[in-house]
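In the UniProt record's numbering, the protein residues as written are 1 to 413.
We put the beta carbon where it would ideally sit given N, CA and C, even for glycine.
Below: the structure, in structure tokens.
The structure is reproduced here in structure tokens:
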């Protein structure tokens, strides 16, 4: 999620476009013959493929007409939605589409999505049937992407709903260019984000608050449903802890809503707990209630503190793990510098600024052990009391394995 949010931030470069595909009933259109061919190509043994075939093909349906079941008929394609094996099978088949998109990089006529020098090339992001393709406005490149989509449709039996699929372009895109692109691929052309991907808003600019209206409405509808029931203060506290508090967690882990949205959500929660109408009594401030029971509070959590905790978690993952989104941030923000020496700037994305907010607390609890020499001597927290060297602007890094000359008998370079 953080990777898609950061890559779409580069939509500010006028030549970039993002294609959001909408698959039409993806699980119901899986071709069984192609599925078996793909698993054979991946090297699965015939015994396992035979078990898979028996599990998938043993599927019958009974249509209900006027409330009465009317016989059975056998299916010839598709995966059962409630089968725990179905998502894995679909992902393996979708890997064929991913390989086709990655293969376009090797062609000279392919124009790459513009990113900062040092960032890994990202042609697409996919989670099951939710696909984002990153391209440029070049006609040859768009045609190559469209041909790749059509080949995948013919091979797998999938169908892309072009009425719901969208191409997002920069707001400087001319109307004539948008019409030409619409005629080429047959999809709707919209001007740059905002849009929703995997349930989270992808946007930049001042109008991000509008994208969180569905989250506010969801919390408000849940509260209105409870107002019709007689709830004790203890019952309301339980609902706040385990129901209302869990609704925004997914979005808070992936993105940072504006302060205006946080104030509205907190106002709804406070009004639900203390009640509505004239004469209601507020016996304690929300700041004192939103503390742990040990600290004298009610065990509730404030949204800004939850966001800060997720920010520290992101910083911990940035420092301790390796993945595509971490390589992306490294190439863009600290390719030749240590991450603890990087300062925030006005051109940085919302995700990167949020990660930096969790740096101070995260570094306070990070202690390194001696390993393969890829860590910095001066800028890492080896002792648990902070780094050894002060931060200087413009400094570059030299790792141990770069300055230790093993071939010369173990001397310093």
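7 Å Cβ cutoff met for residue i and residue j
{"i": "residue 20", "j": "residue 132", "result": "yes"}
{"i": "residue 129", "j": "residue 23", "result": "yes"}
{"i": "residue 307", "j": "residue 318", "result": "no"}
{"i": "residue 312", "j": "residue 356", "result": "no"}
{"i": "residue 265", "j": "residue 200", "result": "no"}
{"i": "residue 181", "j": "residue 189", "result": "yes"}
{"i": "residue 39", "j": "residue 51", "result": "no"}
{"i": "residue 236", "j": "residue 273", "result": "yes"}
{"i": "residue 136", "j": "residue 111", "result": "yes"}
{"i": "residue 262", "j": "residue 219", "result": "no"}
{"i": "residue 256", "j": "residue 354", "result": "yes"}
{"i": "residue 70", "j": "residue 79", "result": "no"}
{"i": "residue 134", "j": "residue 18", "result": "yes"}
{"i": "residue 348", "j": "residue 310", "result": "no"}
{"i": "residue 192", "j": "residue 170", "result": "yes"}
{"i": "residue 379", "j": "residue 350", "result": "no"}
Minimum C-alpha distance to residue i - residue among the options
{"i": "residue 96", "options": "170, 42 and 326", "result": "42"}
{"i": "residue 74", "options": "84, 83, 58 and 87", "result": "58"}
{"i": "residue 300", "options": "313, 269 and 329", "result": "269"}
{"i": "residue 35", "options": "46, 45 and 53", "result": "53"}
{"i": "residue 291", "options": "320, 339 and 241", "result": "241"}
{"i": "residue 329", "options": "230, 234, 47 and 120", "result": "120"}
{"i": "residue 461", "options": "310, 123, 315 and 76", "result": "Any answer about residue 461 is impossible in this case: the structure gives the chain only from 1 up to 413."}
{"i": "residue 231", "options": "338, 214, 275 and 216", "result": "275"}
{"i": "residue 25", "options": "146, 294, 81 and 212", "result": "81"}
{"i": "residue 72", "options": "143, 294 and 61", "result": "61"}
{"i": "residue 154", "options": "322, 30, 173 and 320", "result": "30"}
{"i": "residue 56", "options": "66, 67 and 27", "result": "27"}
{"i": "residue 247", "options": "217, 271, 233 and 47", "result": "217"}
{"i": "residue 147", "options": "215, 212 and 104", "result": "104"}
{"i": "residue 352", "options": "340, 367, 338 and 333", "result": "333"}
{"i": "residue 127", "options": "93, 310, 143 and 156", "result": "93"}
{"i": "residue 166", "options": "210, 64 and 197", "result": "197"}
{"i": "residue 316", "options": "296, 346, 366 and 335", "result": "366"}
{"i": "residue 32", "options": "63, 151, 157 and 343", "result": "157"}
{"i": "residue 102", "options": "144, 214, 380 and 281", "result": "144"}
{"i": "residue 267", "options": "294, 168, 341 and 223", "result": "223"}
{"i": "residue 340", "options": "364, 260, 233 and 67", "result": "364"}
{"i": "residue 431", "options": "320, 295 and 233", "result": "The structure shown does not extend to residue 431, since the chain spans only 1 to 413, so no value can be given for it."}
Sequence-distant residues of its chain with Cβ nearer than 7 Å to residue i (five each side left out)
{"i": "residue 305", "result": "none"}
{"i": "residue 10", "result": "Note that residue 10 has pLDDT 48, beneath the 50 cutoff, so the model's placement of it is unreliable and no number is given."}
{"i": "residue 149", "result": "160"}
{"i": "residue 138", "result": "111"}
Own chain, CB closer than 6 Å to residue i, minus 5 neighbours either side, in chain order
{"i": "residue 186", "result": "162"}
{"i": "residue 370", "result": "none"}
{"i": "residue 140", "result": "109"}
{"i": "residue 208", "result": "258"}
{"i": "residue 12", "result": "In this prediction, residue 12 has a pLDDT of 44, which is less than 50 and means its spatial position is unreliable; nothing more can be read from the coordinates."}
{"i": "residue 178", "result": "189"}
Per DSSP, cross-strand counterpart(s) of residue i
{"i": "residue 60", "result": "74"}
{"i": "residue 69", "result": "64"}
{"i": "residue 31", "result": "77"}
{"i": "residue 19", "result": "133 and 167"}
Cβ neighbours of residue i in the same chain (closer than 8 Å, five flanking residues each side left out)
{"i": "residue 298", "result": "237, 289, 290 and 291"}
{"i": "residue 64", "result": "70"}
{"i": "residue 89", "result": "30, 35, 52, 56 and 79"}
heavy atom of the ligand NAD below 6 Å from residue i C-beta
{"i": "residue 351", "result": "Ligands in the displayed structure: none, and consequently the ligand NAD is not present."}
List in chain order: all unbroken alpha helix (DSSP H) runs of 4+ residues lying wholly within the segment 123–205. 139–156 and 175–185
If we require 4 or more residues per run, which alpha helix (DSSP H) segments fall completely within the segment 267–345? If one requires a minimum length of 4 residues, the alpha helix (DSSP H) runs lying completely within the segment 267–345 are 286–289, 303–320 and 324–333, in chain order.
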